[in-house]
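Numbering (our numbering), first residue to last: 67 to 443. The structure appears below as structure tokens.
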Ligand SMILES: Cc1ncc(COP(=O)(O)O)c(C=O)c1O
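Have a look at this one:
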């Protein structure tokens with residue numbers, strides 16, 4: 067069967083079509099409307115937080131989170147180095163400086179011991195430490211049992227970048243609910259999508275109100291165009307919120323499909339020496355992207371070689387995120403680096419994981435990987 071197989075393509079169909087058509091016909095083709103309100107309360111309920119503010123990207127949700135916490139040019143924010151670049155960019159948007167922290171070599175999530183080391187070193191810097199921004203990498207929650215007490219003891223708020231983690235659970239709590247503020251992404255490649263969108267989550271009514279105000283151009287409710295400060299045009303379209311509501315309804319089936327796909331890869335690689343699945347121990351993650359980590363001395367091949375082979379067969383496979391401390395905009399940024407993120411970047415490969423993949427497409431991916439392995443036996 068021909069055609070490109072993507073890593074995580076949007077999984078949208080008839081239900082989404084029906085929802086968007088109904089929203090269009092209702093006349094609410096605007097960045098306000100009943101679907102936005104309902105989407106917010108449905109997501110808040112599902113995650114178990116008091117307030118949700120729908121916005122047009124996960125990046126916007128993170129940006130608003132930092133603004134609502136009053137973070138600005140006098141501040142530093144701890145950011146994992148192994149994450150998507152948006153996590154650090156929002157720190158710069160508010161004029162603060164990121165401090166990059168390396169990861170646990172096993173999970174890829176931020177190493178809580180390094181965070182502890184940095185928060186106890188406070189006071190030696192011109193900029194005050196204003197937040198820890200934790201990322202649930204590839205949908206697996208950070209070890210909050212360790213991280214939360216460290217933040218609490220230091221009096222530093224935790225912001226949870228759960229952009230990739232919708233549907234994940236840790237210690238019985240949903241991803242997105244661990245920080246003073248959390249953020250979800252509904253980008254096209256995520257577990258559920260609004261094509262582009264995000265959600266700010268919090269139990270704090272004042273933070274939610276502040277974020278909502280800033281997201282709506284900081285407009286004061288009045289007949290005049292009255293704005294108290296510089297705001298942002300960050301609200302989510304009602305049409306896209308309608309898509310999100312359809313996706314929420316389908317979330318259980320989409321999550322179990324991702325889990326099924328991960329279990330399939332686990333079986334495929336079970337007897338292959340030198341291969342492990344990142345986050346394999348996490349039984350309550352959302353399996354957003356299944357990623358293998360290759361010990362090339364044992365395997366006899368590299369992650370890069372398998373990635374290139376799959377690409378040759380029109381199958382998308384990508385390395386893990388390039389550690390942010392290696393990127394040009396962050397060349398001079400402060401950091402506490404052990405080398406773990408760089409090793410994962412060199413040895414990891416994310417495989418097609420989208421819930422939209424058919425059995426035939428999964429078979430094609432498995433068949434191609436099996437052929438690659440056979441040729442190297
Ligand atoms: C960890 C992480 N943070 C933030 C974002 C930004 O979300 P968005 O693309 O919706 O702006 C993404 C994904 O795109 C992400 O993976």
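Think of the CB as a built atom: it goes at the ideal place given N, C-alpha and C, for glycine as much as any other residue.
In the pairwise beta carbon analysis, the stretch 197-211 is classified as touching the stretch 227-239: at least three pairs are separated by under 8 Å. Look at the beta carbons and you see the stretch 307-314 not touching the stretch 332-352: under three pairs across the two are nearer than 8 Å. For residue 377, DSSP records no beta bridge to any residue.
Between the beta-carbon of residue 249 and that of residue 88 there is about 28 Å, and that puts the pair past the 8 Å contact cut. Here residue 291 is exposed: its Cβ has fewer than 16 other Cβ atoms, across all protein chains shown, within 10 Å. Nearest to residue 393 by C-alpha distance, out of 431, 377, 251, 148, is 148. Between ligand 1 and the CB of residue 237, the shortest heavy atom gap is not smaller than 7 Å. Here residue 151 carries a coil assignment [DSSP, helix/strand/coil]. DSSP places residue 433 in the helix class (H, G or I) of the three-state scheme. If you look at residue 273, you'll find it in the alpha helix (DSSP H) that goes 271-281. Closest by C-alpha distance to residue 439, out of 376, 399, 404, 427, is 376.
Between residue 372 and residue 154 a beta carbon distance of about 29 Å is seen, past the 8 Å cut, so the two are scored as non-contacting.
Cα atoms of residue 429 and residue 324: separation of roughly 15 Å, rounded to the nearest angstrom.
In terms of Cβ geometry, residue 264 and residue 124 form a close pair [threshold 8 Å].
Straight across, the Cα-Cα distance linking residue 355 with residue 288 is about 46 Å.
By DSSP's assignment, residue 389 forms no beta bridge with any residue. At least one heavy atom of ligand 1 lies less than 7 Å from the C-beta of residue 201. As the crow flies, the alpha-carbon of residue 330 is around 32 Å from that of residue 110.
The C-beta of residue 271 has fewer than 16 other C-beta atoms within 10 Å across all chains shown, which makes the residue exposed. Remark: the C-beta of residue 230 is in contact range of ligand 1, defined as less than 7 Å to any heavy atom.
Per DSSP, residue 328 lies in no beta strand (DSSP E); the unbroken alpha helix (DSSP H) holding it starts and ends at 304-335. Contact between residue 259 and residue 418 fails: their C-beta atoms lie close to 16 Å from each other, not under 8 Å. DSSP places residue 128 inside the alpha helix (DSSP H), whose first and last residues are 124-134. Between residue 175 and residue 415, the alpha-carbon positions lie close to 16 Å from each other.
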